[in-house]
Amino acid sequence: MKATFRFAIALFIVAGLSSGCGKKTSTPLSPVGASSSGGSSGTPANDQAEASSAMAAAPELIEDGVFESPDQGTLPSGPGGFAAIRPLMYWRNITSVDRSFEFAFADTDTTGRPTTAIVTFHKLLKGTFNIATGPRPEVAASDSMRLLIVRKPLADHWVRRVLLKRVRGDGDNDDRNRRWRIAASSGVEVTSRSATTKILSLKIATADRETTVTDPLAFFRLRQFMAFDAGDSVRLTVTTGRNDDVVVLMSRGLRAMFHNNGDNTYTGVWRSPFWRGVNHLGVNAFSHGTLFDDTLPYDSQAWILPFVVRPTMLANFIP
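Each residue of the sequence shown is one higher than the last, beginning at 0 in numbering that gives the first Met the number 0.
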């Protein structure tokens, strides 16, 4: 993640979260309702500020840095079956981001303060989904060099959860000295307005390990993040609710189409990068009409998961 991007995220967390008054939106795409309330020192409002400072120190556990990228994906020239248009490439143009969040505190200690916090982040992303196409199939060969751009309105609901614990330092038994630390993060789920596309599972397999994810918003403890060796060959299998979806890989600077197996599963192979620190890998399923019909709406769901590349090893708590 670039330094400027990290700085921007840190500013958002510090300015928005630590104030104890997260912005809420009325749109049904961004359901919120913070469970914390204001009060004096030692109440959830004070804990919200301290927990927010901990999250500001680790923006890579909040933002995925993948979904909002304008990276372009390419498509094969022959989609198979009926297609109203001939898509060549696609990309998102995000023009506005409406952020909101909610805190839930639990597990009080001997001082009456909570020791567990779950923070749920929401973003409403608006813009356009853009498709560069060739001419319609019925267009004469003389017009075959014309390139058209189809722009579909986009409204995506982005969700992520972060688990924090208020823990004592080594050898310290005084509950008054507990400090908030990040203990776990979920993946990210991004769903378009009125989506019919649904990812059911993601299987991640290397030469020596296989993991199947069925809920991207389940927590991954920091030491249990997926870990790959640099250059690992990773086989990804996505199961969706239909056999004609379009499924693509999302990674930093990369969009790649998966093979449709014809049985609601889609497979692809990805090589793990050499990047240190926390990174993110995602899969994005589109309805067939999103890409191959200019009259049908944008319909999408994405799952994005955190991972590290060895020898990176995360501590039990951050920071």
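Backbone N, C-alpha and C fix where the C-beta goes; we use that ideal spot for every residue, glycine too. Please read these numbers as outputs of a predicted model, since none were measured by experiment.
- Per DSSP, the continuous beta strand (DSSP E) segment holding M256 begins and ends at L253 to M256.
- The three-state secondary structure of N283, taken from DSSP, is strand.
- In this structure, the CA atom of V308 is about 11 Å from the CA atom of R270.
- No residue range can be given for Q71, since it is assigned to no alpha helix (DSSP H) and is classified by DSSP as neither H nor E.
- Using a C-beta cut-off of 8 Å, the region 257-277 makes no contact with the region 291-300, since fewer than three inter-stretch Cβ pairs fall below that distance.
- Under DSSP, the beta-bridge partners assigned to F120 are F100 and R159.
- The distance from the Cβ of V65 to that of G281 is about 5 Å, consistent with a contact at the 8 Å cut-off.
- With respect to K125, T94 sits close: the two C-beta atoms are nearer than 8 Å.
- Shown here, G288 sits in a helix according to DSSP, grouped into three states.
- Annotation for P86: L74, I130, T132 and L290 place their beta carbon closer than 6 Å to its own, counting only its chain and skipping 5 residues before and after.
- Under the DSSP assignment, E209 falls in the beta strand (DSSP E) whose first and last residues are E209 to V212.
- Distance between R275 and T294, taken at the CA atoms: about 43 Å.
- A direct Cα-Cα distance of roughly 14 Å separates R241 from N283.
- DSSP, reduced to helix, strand and coil, places R222 within a helical segment of the structure shown.
- Collapsing the DSSP output to three states places S185 in a strand.
- Of the other Cβ atoms in all chains shown, 16 or more fall within 10 Å of the Cβ of M225; this residue is therefore buried.
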